[in-house]
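Structure record follows, encoded as structure tokens.
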Amino acid sequence: MSGLMDKVVIVTGGGGGLGLVIARQFLQAGSKVVVCDINREALDEARKELRAHGTVRTLIADVSVAQQVEELLVFAIEQFGRLDVLVNNAAILDRFNPVGRCDTEIWDRVMAVNLTGPFLCSSAAVRQWEKQGSNGVIVNIGSVAGQAGHRAGAAYTASKHGLVGLTKNTATSYYGKHRCNIITPGGLNTNLLTPLGNDIDIVGHQIVKNTMTNLCSVEDVAKVNRDTMLDAKVYS
């Protein structure tokens, strides 16, 4: 896939699940990939697997912390000299609490990772592209919960709706220079399905289960993500 050959890609939350598959598919297409995750053990295992597919670097980073995001960008530039693609994949699930039973701790943490994280990473990426004088691509990994009200708790639902808005604003603000897209899959059978803590809201969880249909394949979603990069206007 010549359009992705030697492109430098950052994938957040790439220690497992969809992020790991996304990173692997980019490597198989000839890209150079930087993977970050907050889970050291998962990231170590991911690095062992991904090395067999191409040139990869890994870094422990919490995308909700501005300083760590800046360090992630510096690391990528030190390793590969540039940045071409950012995949905002890192996310956490809530406990399926509706607004009346959602405490501020859960709300703040979900918003920090799922919305502030993509904002911080996107901001850093755009500033890097301006330094490079080159076009770039952002792909945000959203969710059907960003289009509906019954697929998660209040915090996760609001965070994914917010990510849709961030995507639209970024896409229009940088039209003609950088692209920003969002992929909104349904349920994925990944580690993201693990709620934030064990004390889940049983009623809220049952509502989600009652509306859940077939789970999406992570391979298929990752392929959509990869194919989103293949745009002649960006990679001509």
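No gaps in the numbering here: position 61 of the sequence shown is 61 in the UniProt record's numbering, and each next residue is one more.
C-beta: ideal position from N, C-alpha, C; glycine also.
If you're wondering where the values come from, they're calculated on a predicted model, not measured in any experiment.
Practice task
Determine the direct distance from the alpha carbon of Arg-95 to that of Thr-12, and round the result to whole angstroms.
Solution key: Distance between the alpha carbons of Thr-12 and Arg-95: 22 angstroms.
Handout entry: Neighbour-count burial assignment, Leu-50, 16 or more Cβ in a 10 Å radius
Key = buried
Exercise for the section: Taking all protein chains shown into account, decide if Gln-147 is buried (16 or more other Cβ within 10 angstroms of its Cβ) or exposed. Expected result: exposed
Problem - Test item: CB-CB of Cys-121 and Val-63 under 8 angstroms - result: yes
Practice task
Reducing DSSP to helix, strand and coil, say where Asn-169 ends up.
Solution key: helix
Practice task
List the residues that DSSP assigns as beta-bridge partners of Arg-57.
Solution key: Paired residue(s): Val-34.
Problem - Secondary structure of Leu-73, DSSP reduced to three states - result: helix
Exercise for the section: Could you tell me the boundaries of the beta strand (DSSP E) in which Thr-12 lies? Expected result: 8-12
Handout entry: Close-in-space but distant-in-sequence residues of the same chain around His-53 (CB under 7 angstroms, 5 per side omitted)
Key = Arg-24, Leu-27, Gln-28
Exercise for the section: Please determine, among Val-110, Leu-163, Ala-125, the residue with the shortest C-alpha to C-alpha distance to Leu-93. Expected result: Val-110
Exercise for the section: State the Cα-Cα distance for the pair Phe-80 and Gly-100, rounded to the nearest angstrom. Expected result: 47 angstroms
Handout entry: With 16 other Cβ atoms within 10 Å as the buried cut-off, status of Ser-31
Key = buried
Problem - Inter-residue spacing [alpha-carbon to alpha-carbon] between Thr-58 and Thr-184 - result: So the two alpha carbons sit approximately 26 angstroms from each other.
Handout entry: Cys-121 - DSSP class collapsed to helix/strand/coil
Key = helix
Exercise for the section: Within 10 angstroms of the Cβ of Gly-14, are there 16 or more other Cβ atoms? Answer buried if so, exposed if not. Expected result: buried
Handout entry: Reduced DSSP secondary structure (H/G/I, E/B, other) of Leu-93
Key = coil
Practice task
Drop a sphere of 10 angstroms on the beta-carbon of residue 292, count the other beta-carbons inside from all chains shown, and report buried for 16 or more, exposed for fewer.
Solution key: Any property of residue 292 remains undetermined from this structure, which presents the chain solely from 1 to 236.
Exercise for the section: Can you grab the Cα-Cα spacing for the pair Gly-16 / Ser-123, in whole Å? Expected result: 24 angstroms
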